[in-house]
Amino acid sequence: MKILITGGLGFIGSNFIQYELSKHDDVRIANVDNLSYGANVANTRSVEKNPRYSFTRGDITDRDLIARLVSDADVVINFAAQSHVDRSIADPLPFMKSNTEGTLSILDALRRGRGDVELIQVSTDEVYGEVREGSSNEQSKLNPSSPYAASKAAADLWCLAYHRTYGLPVVITRCTNNFGPLQFPEKLIPKVIIRAHQNLKVPLYGEGKNVRDWIYVIDHCEALDLVLKRGLPGQIYNVAGHNSLDNLILVKMILQLMGKDGSLIELVEDRPGHDYRYSLDDSKLRRELGWKPRHTLKDALKSTVDWYLANQDWWRPVATEGVLGASPWKDSR
Ligand SMILES: NC(=O)c1ccc[n+]([C@@H]2O[C@H](COP(=O)([O-])OP(=O)(O)OC[C@H]3O[C@@H](n4cnc5c(N)ncnc54)[C@H](O)[C@@H]3O)[C@@H](O)[C@H]2O)c1
6 MKILITGGLG FIGSNFIQYE LSKHDDVRIA NVDNLSYGAN VANTRSVEKN
56 PRYSFTRGDI TDRDLIARLV SDADVVINFA AQSHVDRSIA DPLPFMKSNT
106 EGTLSILDAL RRGRGDVELI QVSTDEVYGE VREGSSNEQS KLNPSSPYAA
156 SKAAADLWCL AYHRTYGLPV VITRCTNNFG PLQFPEKLIP KVIIRAHQNL
206 KVPLYGEGKN VRDWIYVIDH CEALDLVLKR GLPGQIYNVA GHNSLDNLIL
256 VKMILQLMGK DGSLIELVED RPGHDYRYSL DDSKLRRELG WKPRHTLKDA
306 LKSTVDWYLA NQDWWRPVAT EGVLGASPWK DSR
């Protein structure tokens with residue numbers, strides 16, 4: 006099987022590339038990434054010499070490039086996105102460009118091509134917006150809050166329209182918050198680990214009461230691998246971690262694993278429009294494809310902490326003051 010991965014120099018895409026190449030001998034992977042700030046060429050160093058792997062530097066909005074790459078693929082998995090909510094509040098337009106227009110550019114290349122190339126659109130629980138009680142299932146209404154979530158929700162709608170109108174084989178996955186090795190240090194868990202390791206204050210929005218569900222990135226990769234094999238065209242599959250807790254408890258868990266004191270925590274001004282809680286019902290994925298996460302939160306957090314402490318040469322060049330520091334939206338007001 007020939008898989009075109011977009012955004013494979015980022016966190017989840019690079020974990021998926023390593024996972025897929027080590028799990029299946031008959032898979033070839035072409036990766037296209039525009040090397041935007043969150044990308045890291047070191048993320049795919051372990052597979053660079055693998056004859057079943059190739060890399061092209063390019064942008065998914067480049068229609069000629071995408072048409073050429075799609076013509077040599079059996080399936081496209083679209084990870085490419087601007088992915089940081091805070092940055093989307095500071096400057097929304099790049100999110101529309103990469104996340105919405107980029108997805109449309111892929112869909113159009115598929116439509117103009119052979120018509121049988123499948124697209125797996127890697128989406129997010131954030132498209133459902135804040136869920137005060139209960140959980141969102143695949144039929145729940147889209148109600149995005151941030152510019153990031155709106156750009157992803159719009160992309161999902163384009164995917165469903167191309168499936169319905171042109172019969173393109175498109176599958177959407179909506180996953181909860183990921184964590185694990187190779188995540189860019191501006192995101193919550195690596196930021197906490199790196200700052201705490203340096204005995205710097207760990208900033209937490211509001212009262213730290215926002216609830217998120219956390220999934221270890223390898224469990225997400227396994228879900229995507231199953232969807233790749235058995236997911237049905239036109240379907241949406243939620244992917245949950247079943248580890249819901251508020252940010253304060255999460256940060257305290259990490260500090261405890263690192264032998265650090267809770268006094269490092271510093272409550273800071275909340276993010277505008279901050280969703281209180283997300284929660285996914287992923288019974289469809291469990292029932293229809295037989296998936297369940299294999300990692301417990303505590304063990305996976307421990308491996309993640311160990312990975313960041315053992316791989317300081319990976320994060321030190323990119324963990325600048327700007328990346329680890331104040332929220333980018335604050336500078337934009
Ligand atoms: N991280 C999470 O918790 C999470 C949860 C659910 C869904 N997702 C989705 O998973 C996907 C991957 O997320 P991630 O955390 O790995 O993000 P990331 O920011 O680490 O990686 C995104 C990659 O996409 C590349 N990219 C961005 N715009 C591009 C463009 N126009 N053309 C080509 N490449 C481009 C970047 O250079 C980067 O390498 C995203 O679509 C995101 O919305 C992420």
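Numbering (my numbering), first residue to last: 6 to 338. The beta-carbon is built from N, C-alpha and C at its ideal position, and this holds for glycine as well. None of these values were measured; they are calculated from a predicted model.
Nearest-angstrom Cα distance between residue i and residue j?
| i | j | result |
| --- | --- | --- |
| V222 | S41 | 21 Å |
| I220 | L229 | 13 Å |
| S59 | N215 | 40 Å |
| D38 | N83 | 11 Å |
| Y167 | L74 | 19 Å |
| L302 | Q188 | 16 Å |
| P99 | P149 | 17 Å |
| L285 | A155 | 18 Å |
| L231 | I199 | 33 Å |
| P208 | S249 | 20 Å |
| L26 | E274 | 43 Å |
| G118 | Y313 | 42 Å |
| R338 | A95 | Reliability of the predicted coordinates at R338 is poor, the pLDDT of 46 falling under 50, and the value obtained from them is presented with this limitation in mind. In a straight line, the C-alpha of R338 is about 8 Å away from that of A95. |
| L262 | K307 | 7 Å |
| G211 | L272 | 6 Å |
| G185 | K54 | 24 Å |
| L165 | D266 | 48 Å |
| D67 | G12 | 14 Å |
| A114 | R33 | 20 Å |
| G63 | L70 | 7 Å |
| R321 | I8 | 32 Å |
| G15 | T170 | 31 Å |
| V197 | W319 | 16 Å |
| L237 | P195 | 34 Å |
| N204 | N45 | 26 Å |
| T181 | A72 | 30 Å |
| E135 | N142 | 13 Å |
| R50 | G120 | 33 Å |
| K297 | L290 | 8 Å |
| D280 | E138 | 13 Å |
| I254 | G330 | 21 Å |
| G107 | G264 | 43 Å |
| G43 | E326 | 15 Å |
| V256 | A158 | 29 Å |
Using 8 Å for Cβ pairs, my map puts residue i next to residue j. What's the rounded Cβ distance?
| i | j | result |
| --- | --- | --- |
| V177 | Q144 | The sequence shown places Ile at residue 177, not Val. With a Cβ gap of about 13 Å, I177 and Q144 do not count as contacting. |
| S93 | Y133 | That belief does not hold up - the Cβ atoms of S93 and Y133 are roughly 17 Å apart, past 8 Å. |
| R217 | N252 | 7 Å |
| I22 | N36 | 6 Å |
| L233 | V122 | No, L233 and V122 are not in contact; Cβ-Cβ is about 13 Å, not under 8 Å. |
| H247 | N183 | With 8 Å as the limit, H247 and N183 do not qualify as a contact, their Cβ atoms being about 14 Å apart. |
I'd like to know whether the C-beta atoms of residue i and residue j end up nearer to each other than 8 Å.
| i | j | result |
| --- | --- | --- |
| D91 | R276 | yes |
| S140 | D161 | no |
| N48 | S19 | yes |
| L112 | W163 | yes |
| A85 | S103 | yes |
| R179 | N243 | yes |
| P174 | V328 | no |
| G278 | S76 | no |
| L294 | R235 | yes |
| M6 | D30 | no |
| D375 | A245 | Absent from the model: residue 375. The displayed extent of the chain is 6 to 338, so no value can be given. |
| V310 | I259 | yes |
| A201 | L269 | yes |
Tell me where the beta strand (DSSP E) around residue i begins and ends.
| i | result |
| --- | --- |
| R33 | R33 to D38 |
| I270 | I270 to V273 |
| T178 | V175 to C180 |
| Q126 | E123 to T129 |
| T11 | K7 to T11 |
| Y242 | I241 to V244 |
| V80 | V80 to N83 |
| D251 | S249 to D251 |
In the DSSP assignment, find the unbroken alpha helix (DSSP H) run with residue i in it and report its ends.
| i | result |
| --- | --- |
| P343 | Residue numbering for the chain in the displayed model covers 6 to 338; residue 343 lies beyond these limits and cannot be assessed. |
| I94 | V90 to A95 |
| V328 | E326 to L329 |
| S288 | S288 to L294 |
| V310 | L302 to A315 |
| D113 | G107 to R117 |
| Q23 | F16 to K28 |
| D64 | Neither: D64 is in no alpha helix (DSSP H) and is coded neither H nor E. |
Exercise. Fully enclosed by the region 151-223, which alpha helix (DSSP H) runs are 4 residues long or longer?
Worked result: Segments of the alpha helix (DSSP H) lying fully in the region 151-223: 152-171 and 193-202.
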